[in-house]
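Visitor: Pasting a structure below so you can have a look.
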């Protein structure tokens, strides 16, 4: 590895152990996976350039108003022009990317890992939160735990004790304050982006606090306070610089966002799309097997159910929408692919919405001994399914209660199933499937939800309480939502999702085609409760330094208080932080200003407030307030849940603030007895309004449309016609098909794969197997990647059609494969050129097959003219230059365009044999003339260089005479020609000036 690139080992993905051997292995693995990845020619930029040239300008721009009146004025060529914040943001990012390309190279992956760290899925989480980082900094800076700065770091949400602290709620800003008082460096450090990535890899691998401390100490030693502040934001993945990843991706490459949506792979986006002129083709924009994609998300709802239904664009002929229960689990995508090398013949992959892989947990195959799920799925798919991608929700199921378990126990359930597959009564993961996006080598995201659902029901049989197809209800009016929402509220479910069956699947988008309905947003459900605020919690971000959420309690009734006890006692009940406006916060602060007290966990105010867990003090607030000094708030909630985190033993699900009740005091706030009465009444009312399903009603049968969803590759499931099976012309061959075809027949990639398979060929997904036939008709990213390797022939699909046509013409008789011809080739390796040229005659006619009428016309049109023009080197050189060939890179053109003056005897070819000629001068003249220079013995205007030999007596005279020229020539010794030829480049003439 060159010294100039040693700091960038991390850009290729170091293992974190620092060993060169491990790095070499890692590089070999990446070279195999990304054979044409870009290479940087120089070191990465200094780390501080990230915030000086990018983060800080973007943050400054974020604070600017966006209105046209406040648009920033920029001096243009014709006077001042307006430039809005969006344009400024674009310019800031474009400048940084352009500078990176120029000064570093085309591999921007090291920078993107730090610019958008939340999208870097390859680097594992650090296991660090604010409190742990605070403890590490306190140790490194050797702070006393009782010191002001130590307290400030550990209690970063609270206002600082110092009057100059303005960083409450911003942990990284609070770290900046503490470090800036005792920095090792006052100026920015010298760490490069590559070095920062290396240390972050080690920090991620360390995981334990003791192992992470020396790494943090290294950062502290080599960075100033501002650099440390941005480093901590990168570690916490809380950048918020005023530009999203979509903005960075769009400026890097127009297809970057599309590729990230279907792959969730930042490295792939940077390495495959480093050339903006090379675009993704249609099929490369789609999801692929074993590549995690960014799923479609549900839109946030409006207050009106009727408006939500209208947004789904119903038509006169089709006004149906679907209602699904919103499951309280983890969004999960399942990939299954045929693989004969794994027991059971099927390989699985699982990824969450955040692109975290869970295959290790749920299993990679039917026979995986560590599987919590896949070993139970042997009968879950139709036998015609070769590969598939499903979208669904992984939930936790309790077999004994036959009910879903609330979110938070999923991983525990999966680990229990891994350890004991026969534990039939223990809680387990259950995969609820609601969509199919890929089936038998064909992406079907562009089909409607209704068609995809039909395919799902035909391909996935499911296994009871292991993997099931999620059910839905059809509806046409908003009134149908009401009873279903009441039903899920009664069952403590999370809510509903409304879906438009006429819609296609949109990767990484929220649209009106999927809309969630959560009960906490709706005004029809839940009771209004008037509860007293008894505690407060400091917020973060724009709410930093202020109490942003509050603990509310229920008043203990006088008949429940023992003799002599304080009558102002409240039980903790719930926390509320949603629903407050700025005016609400302002009024609340006005009414409670100066009355808040810090919570002392060693001496809690138990005579006024009782917390959950008693001595453990569950959900203890940052500050508390005397009931007599507090205010009553009206809160609305979806339902009541059992919990041990609050003293009441109950809490509210999805509580939201409605308004301040200034007409109430602590004495009239809701009491424990009042609440129990309200709860009983609500349960009774809920039973009366419960939505009942008529089981006797037969489900309406759906009549399939004329045009069915067809998927190539599974005859049991599909309606795509299969070719003549008797013709196995491609038997024994592996085909890697990268694109569809346009000529001679227009077919998609999936259709080509099906055509090859129906004629005996086998489809593979890469060219790793020797002898694989690579098919490509268009210059896509994958095709261009193979071309650059120059080790594999890329064949056009016309060769496939020619072989099938020839086999059909032979009427089933044994047929040899047609030899490759130049017309079949998209790219030809140097080793294959002569063999392929030998398959046709001098006019392009094939020796092995019958050509078509169209080909015959092409041959006649391409025959050479009777008289050819004579070859002109000058014209040929001019043509090469017009086509962008830089001839200066070739040694034979090194001195092109130069006019060299030499001693008169040496300028003429006839005099080069003169015995008195200096041998070195003669050799230098020959070399210069061979490499494109012109020589002259006439010292005149236009000369670019004067060659001076061993005798330097004429040097002064030469300088004096050439000083009168309009353009001064350079005086050089013959060593300039000799060394330039040896180094294969023009060297600096000053080094060879005669003395």
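In our numbering, the protein residues as written are 107 to 1101.
Just so it is clear, CB atoms sit at the ideal spot from N, CA and C, and this is done for glycine as well.
1. Are the CB atoms of residue 536 and residue 571 nearer to each other than 7 Å?
2. Within 10 Å of its beta-carbon, does residue 410 have 16 or more other beta-carbons around it, so buried, or fewer, so exposed?
3. Straight-line CA distance for residue 605 to residue 429?
4. Figure out for me which residue from 1072, 228, 303, 136 has the closest Cα to the Cα of residue 1104.
5. Leaving out five residues before and five after residue 565 in sequence, what residues of the same chain have Cβ atoms less than 7 Å from its Cβ?
6. Touching or not, the segment 1085–1094 and the segment 1057–1074, by the rule of three or more beta carbon pairs under 8 Å?
7. According to DSSP, simplified to helix, strand and coil, what is residue 1090?
8. Give the DSSP-derived three-state secondary structure of residue 192 in the structure shown.
9. To the nearest angstrom, report how far apart residue 912 and residue 399 are at their CA atoms.
10. Counting only the same chain and skipping the five closest in sequence on each side, list residues whose C-beta sits under 7 Å from that of residue 147.
11. Do you know offhand how far residue 359's Cα is from residue 380's?
12. Quick check on residue 470: buried or exposed, where buried means 16 or more other Cβ atoms within 10 Å of its Cβ?
13. Nearest CA to the CA of residue 931: which residue from 879, 915, 954?
14. Bridge partners for residue 464 per DSSP, in chain order?
15. Since I believe residue 737 is in contact with residue 658 (beta carbons under 8 Å), could you give me their beta-carbon distance rounded to a whole number of angstroms?
16. Residue ranges of each alpha helix (DSSP H) run of no fewer than 4 residues wholly in the segment 298–330, ordered along the chain?
17. Thinking just about the alpha-carbon of each residue, which of 897, 496, 1058 is nearest to the one in residue 457?
18. When DSSP labels each residue in this structure, what does residue 658 get in the three-state scheme?
19. Could you please give the first and the last residue of the uninterrupted beta strand (DSSP E) stretch that includes residue 634?
20. Mind the definition here: the segment 315–335 touches the segment 343–359 only if three or more C-beta pairs lie below 8 Å; say whether that holds.
21. What does the Cβ neighbour count give for residue 966, buried or exposed, with the cut at 16 atoms within 10 Å?
22. Using the rule of at least 16 other Cβ atoms within 10 Å of the residue's Cβ for burial, across every protein chain shown, is residue 216 buried or exposed?
23. Between which two residues does the beta strand (DSSP E) holding residue 601 run?
24. Do you know offhand how far residue 121's Cα is from residue 231's?
25. Have a look at the DSSP bridge pairing and note the partners of residue 933.
26. Rounded to whole angstroms, what is the Cα-Cα separation between residue 165 and residue 348?
27. With C-beta atoms as the reference, is residue 910 less than 7 Å away from residue 840?
28. List in chain order: all unbroken alpha helix (DSSP H) runs of 4+ residues lying wholly within the segment 512–600.
29. Quick check on DSSP: helix, strand or coil for residue 827?
30. Decide if the segment 230–247 is in contact with the segment 412–426; the criterion is three or more beta carbon pairs, one per stretch, under 8 Å apart.
31. Taking three-plus beta-carbon pairs below 8 Å as touching, is the segment 643–654 in contact with the segment 254–264?
32. Quick check on the burial criterion: 16 or more other C-beta atoms within 10 angstroms. Buried or exposed for residue 538?
33. Could you compute how far the alpha carbon of residue 504 sits from the alpha carbon of residue 534?
34. Quick one: residues in its chain with C-beta nearer than 8 Å to the C-beta of residue 407, no 5 flanking neighbours on either side, listed in chain order?
35. If distances are taken between C-alpha atoms only, which option among 968, 940, 935 comes closest to residue 950?
36. Between residue 1046 and residue 1037, what straight-line distance do the alpha-carbon atoms span, to the nearest angstrom?
Guide: According to the structure shown:
1. Sequence index remark: in the chain shown, residue 536 carries index 430 (1-based). Sequence index remark: in the chain shown, residue 571 carries index 465 (1-based). Yes, Cβ-Cβ distance for residue 536 and residue 571 is below 7 Å.
2. Position 304 of the chain shown, counted from the start, is the residue given in the question as residue 410. Burial call: exposed.
3. What you label residue 605 is simply residue 499 of the chain shown in a count that begins at 1. What you label residue 429 is simply residue 323 of the chain shown in a count that begins at 1. Going from the Cα of residue 605 to the Cα of residue 429 covers about 6 Å.
4. Beyond the ends of the chain as shown, which are 107 and 1101, falls residue 1104; an answer cannot be given.
5. Here residue 565 is taken as the residue at index 459 of the chain shown, counted from 1. Around residue 565: 487, 488, 491, 494, 542, 545, 823.
6. no
7. One-based indexing of the chain shown puts residue 1090 at position 984. Of the three classes helix, strand and coil, the one that applies to residue 1090 here is coil, per DSSP.
8. Within the chain shown, residue 192 is the residue found at index 86, counting from 1. DSSP places residue 192 in helix when its eight states are reduced to three.
9. Residue numbering aside, residue 912 sits at position 806 when the chain shown is read from its first letter. Residue numbering aside, residue 399 sits at position 293 when the chain shown is read from its first letter. Cα to Cα, the separation comes out at about 41 Å.
10. To locate residue 147, count along the chain shown from 1; it is residue 41. The residues are 211.
11. Residue mapping note: residue 359 aligns to position 253 of the chain shown, counting from 1. Residue mapping note: residue 380 aligns to position 274 of the chain shown, counting from 1. Going by the C-alpha atoms only, they are around 7 Å apart.
12. Position 364 of the chain shown, counted from the first residue, corresponds to residue 470. Classification of residue 470: buried, given that the 10 Å Cβ count is 16 or more.
13. Numbered from 1 along the chain shown, position 825 holds the residue referred to as residue 931. Cα-wise, what sits closest to residue 931 is 879.
14. The residue labelled residue 464 in the question sits at position 358 within the chain shown. Beta-bridge pairing links residue 464 to no other residue.
15. What you label residue 658 is simply residue 552 of the chain shown in a count that begins at 1. What you label residue 737 is simply residue 631 of the chain shown in a count that begins at 1. Actually they are not in contact, since the Cβ atoms of residue 658 and residue 737 sit about 10 Å apart, beyond 8 Å.
16. 299–312, 315–328
17. In the chain shown, residue 457 corresponds to position 351, counting from 1. Comparing Cα-Cα distances from residue 457 to each of 897, 496, 1058, the minimum goes to 496.
18. For this step, residue 658 is matched to residue 552 along the chain shown. Residue 658 falls in the strand class under three-state DSSP.
19. For the purposes of this step, residue 634 is taken as residue 528 along the chain shown, with counting starting at 1. Taken as a continuous stretch (DSSP letters only), the beta strand (DSSP E) holding residue 634 covers 634–644.
20. no
21. Taking the chain shown and counting its residues from 1, the one referred to as residue 966 is at position 860. When all chains shown are included, residue 966 counts as exposed.
22. Along the chain shown, one-based indexing puts residue 216 at 110. Looking at its Cβ environment, which holds 16 or more other Cβ atoms inside 10 Å, residue 216 is buried.
23. As a first step, residue 601 is located in the chain shown; it is residue number 495 there, counting from the start. That run of the beta strand (DSSP E) goes 601–605.
24. Taking the first residue of the chain shown as 1, we reach residue 121 at position 15. Taking the first residue of the chain shown as 1, we reach residue 231 at position 125. Residue placement at residue 121 is flagged as unreliable, the pLDDT there being 37, under the threshold of 50; the coordinate-derived value follows with that caveat. Approximately 14 Å between the Cα atoms of the pair.
25. As a first step, residue 933 is located in the chain shown; it is residue number 827 there, counting from the start. Partner(s): 900.
26. Working through the chain shown from its first residue, we reach residue 165 at position 59. Working through the chain shown from its first residue, we reach residue 348 at position 242. Residue 165 and residue 348: Cα-Cα distance of roughly 6 Å.
27. The residue you call residue 910 lines up with position 804 of the chain shown. The residue you call residue 840 lines up with position 734 of the chain shown. No. Outside cutoff.
28. 516–525, 555–565, 587–596
29. If you number the chain shown from 1, residue 827 lands on position 721. No answer about residue 827 holds up, because its pLDDT of 30 lies below 50 and its placement is not dependable.
30. no
31. yes
32. As a first step, residue 538 is located in the chain shown; it is residue number 432 there, counting from the start. Residue 538 is buried by the Cβ-count criterion.
33. Numbered from its first residue, the chain shown carries residue 504 at position 398. Numbered from its first residue, the chain shown carries residue 534 at position 428. If you take the alpha carbons of residue 504 and residue 534, they lie about 7 Å apart.
34. For the purposes of this step, residue 407 is taken as residue 301 along the chain shown, with counting starting at 1. Hits under 8 Å: 414, 621, 622, 623, 624, 627.
35. Residue 950 sits at position 844 when you count from the first residue of the chain shown. Comparing Cα positions, the closest option is 968.
36. Position 940 of the chain shown, counted from the start, is the residue given in the question as residue 1046. Position 931 of the chain shown, counted from the start, is the residue given in the question as residue 1037. Taking the straight line from one Cα to the other gives about 22 Å.
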